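Chemist: Have a look at this one before I ask anything.
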Ligand code: 5GP
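Residue numbers (this note's numbering): 1178 to 1540.
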């Protein structure tokens, strides 16, 4: 496990509210309980329950959102999530979250995202680079440059963070479009793409398609939760859209695999999440093996490290021990993810240097 923690890693599928620390969730719930907004004794056991089906997970998210959706909580969670990923040597994090509106709290989708940005600025334990270089001239004396780290004797950790705004499958076409417009406005703060997520048993592909097409036309990247339930027609439609990446791919049939492989669409693999939600029968039967052996582009991710009590290091450890992969193979798998990130070439180059330098420490 130790080398899984120490090697540099790239996280491309992490939902902000799903990555909340248990302690923070209980803390925020207790505070709402004290104010009489919720009955803490009723929610405590729901929060602490470990095994949940996919539909139970979405019930938990509704509860989490009651507890977390105010500006200061979103700022706190963002700060903690980035610190947690950085502490296990995640060097590039694409964090996704669904912008939420709550009139009673004076929250708009825009102010929600601003609270997330505030969280990124509040991180103090590590240097966070979230403003794209294209927006900020490269400053060679920046603490985020490896060279300057050496010159200044600066050994602080650094992490690149980019944001994806999620469309929830419960949303209307208009609400989805509002999220895409917001993503476009927030590009200079490191918003690079759009994710489609939320309960896969809800909603229709056709509802989100106009917003997703618009996002693509405007140059945003798109990743889709795809094949989390058996829905052959929707999987076809999603693959026909040619997203830049997809997440999960648990309920694919032969023809879907053929299409996915012929289009070479990278897959975000979330082992613990898929097992916990019973989306795959057993870990040995996970489609990771087939994709890995076929050299199909894939990346290991956490999905919801808080809800599923995992970490990215743990996901690497599970893959290594279940599928008999060694340290070198896991390192290559991790480094390979650089190709699928939604950031620019300057970031990719910086990450390659980080991995090359870490490679010298491999046994
Ligand atoms: P948030 O967007 O509020 O930061 O993160 C939680 C939300 O992410 C959930 O309400 C849900 O919409 C989405 N989400 C988290 N995990 C999953 C998952 O495994 N599958 C899908 N489809 N959506 C998820």
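Glycine included, C-beta positions come from ideal geometry on N, C-alpha and C.
The structure displayed is predicted, hence computed values, not measured ones.
With respect to 7 Å, is the separation between the Cβ of residue 1183 and the closest non-hydrogen atom of ligand 1 below this value?
Modeler: In the chain shown, counting from the first residue as 1, residue 1183 sits at position 6. False, no ligand heavy atom lies under 7 Å from that Cβ.
Chemist: Give me the Cα-Cα distance between residue 1530 and residue 1225, rounded to the nearest whole angstrom.
Modeler: The residue labelled residue 1530 in the question sits at position 353 within the chain shown. The residue labelled residue 1225 in the question sits at position 48 within the chain shown. Between residue 1530 and residue 1225, the C-alpha separation is close to 41 Å.
Chemist: Between 1218, 1188, 1533, 1246, which lies nearest to residue 1267 when the distance is taken from Cα to Cα?
Modeler: Numbered from 1 along the chain shown, position 90 holds the residue referred to as residue 1267. Minimum Cα distance to residue 1267 is reached at 1188.
Chemist: Have a look at residue 1128 and residue 1498 and give me their C-alpha separation to the nearest angstrom.
Modeler: Shown here, the chain extends from 1178 to 1540; a query on residue 1128 therefore has no answer.
Chemist: I need the straight-line Cα distance from residue 1522 to residue 1528, nearest angstrom please.
Modeler: Taking the chain shown and counting its residues from 1, the one referred to as residue 1522 is at position 345. Taking the chain shown and counting its residues from 1, the one referred to as residue 1528 is at position 351. Each residue's Cα considered, the two are about 10 Å apart.
Chemist: Taking three-plus beta-carbon pairs below 8 Å as touching, is the region 1210-1224 in contact with the region 1254-1263?
Modeler: no
Chemist: Is residue 1200 helix, strand or coil by DSSP?
Modeler: On the chain shown, position 23 is the one that residue 1200 refers to. Correct three-state label for residue 1200: helix.
Chemist: Tell me whether residue 1274 is buried or exposed, calling it buried when 16 or more other Cβ atoms sit within 10 Å of its Cβ.
Modeler: As a position in the chain shown, residue 1274 is number 97, starting the count at 1. Buried, since its Cβ has 16 or more Cβ neighbours within 10 Å.
Chemist: What separation, rounded to the nearest whole angstrom, lies between the Cα atoms of residue 1386 and residue 1211?
Modeler: Looking up residue 1386 in the chain shown gives position 209. Looking up residue 1211 in the chain shown gives position 34. Taking the straight line joining both Cα atoms gives about 43 Å.
Chemist: Please determine, among 1235, 1396, 1363, the residue with the shortest C-alpha to C-alpha distance to residue 1345.
Modeler: The residue you call residue 1345 lines up with position 168 of the chain shown. Of 1235, 1396, 1363, the residue nearest in Cα terms is 1235.
Chemist: Secondary structure at residue 1371, three-state DSSP: helix, strand or coil?
Modeler: The count along the chain shown starts at 1 and reaches residue 1371 at position 194. Residue state, collapsed to three classes: strand.
Chemist: Ordered along the chain, which non-local residues of its own chain (more than five positions away) have a Cβ less than 6 Å from that of residue 1366?
Modeler: As a working mapping, residue 1366 is identified with position 189 in the chain shown. Taken in chain order, the residues that qualify are 1294.
Chemist: For residue 1595, which option in 1241, 1180, 1362 has the closest C-alpha, if you only look at C-alpha atoms?
Modeler: Residue numbering for the chain in the displayed model covers 1178 to 1540; residue 1595 lies beyond these limits and cannot be assessed.
Chemist: Residue 1332: buried (16+ other C-beta within 10 angstroms of its C-beta) or exposed?
Modeler: For the purposes of this step, residue 1332 is taken as residue 155 along the chain shown, with counting starting at 1. By the neighbour-count rule (16 or more Cβ atoms within 10 Å), residue 1332 is not buried but exposed.
Chemist: Please indicate yes or no: does the CB of residue 1193 lie closer than 7 Å to some heavy atom of ligand 1?
Modeler: Working through the chain shown from its first residue, we reach residue 1193 at position 16. For ligand 1, at least one heavy atom lies less than 7 Å from the Cβ of residue 1193.
Chemist: Closer than 8 Å is the cut-off here; do at least three beta carbon pairs connect the region 1367-1377 with the region 1387-1397?
Modeler: Yes: the two stretches touch, three or more of their Cβ pairs being nearer than 8 Å.
Chemist: Return the residue from the list 1261, 1204, 1269, 1281 that minimises the CA-CA distance to residue 1307.
Modeler: The residue labelled residue 1307 in the question sits at position 130 within the chain shown. Nearest option by C-alpha distance: 1269.
Chemist: Who are the Cβ neighbours of residue 1374 in its own chain at under 6 Å, not counting the five residues just before and after it?
Modeler: Position 197 of the chain shown holds residue 1374. So the qualifying residues of the chain are 1343, 1402.
Chemist: With residue 1191 and residue 1478 assumed to form a contact (beta carbons below 8 Å), what rounded beta-carbon distance in angstroms separates them?
Modeler: The residue labelled residue 1191 in the question sits at position 14 within the chain shown. The residue labelled residue 1478 in the question sits at position 301 within the chain shown. Residue 1191 to residue 1478, Cβ: 7 Å. Contact.
Chemist: Spatial neighbours of residue 1468 within its chain, please: CB distance less than 7 Å, with the 5 preceding and 5 following residues excluded, ordered by chain position.
Modeler: Working through the chain shown from its first residue, we reach residue 1468 at position 291. Cβ within range, chain order: 1444, 1475.
Chemist: Does the beta-carbon of residue 1242, which I'm using as the reference point, lie nearer than 7 Å to any heavy atom of ligand 1?
Modeler: Position 65 of the chain shown, counting from 1, holds the residue named residue 1242. Residue 1242 Cβ: within cutoff of ligand 1.
Chemist: From this set, 1511, 1449, 1495, which residue's C-alpha is nearest residue 1484's C-alpha?
Modeler: For the purposes of this step, residue 1484 is taken as residue 307 along the chain shown, with counting starting at 1. The candidate whose alpha carbon is nearest that of residue 1484 is 1449.
Chemist: Does residue 1403 come out as helix, strand or coil in the three-state DSSP assignment?
Modeler: Against the chain shown, residue 1403 aligns to sequence position 226. Correct three-state label for residue 1403: strand.
Chemist: Please classify residue 1297 as buried or exposed, where buried requires at least 16 other C-beta atoms within 10 Å of its C-beta.
Modeler: Translated into positions along the chain shown, residue 1297 becomes position 120. With 16 or more Cβ atoms within 10 Å of its Cβ, residue 1297 is classed as buried.
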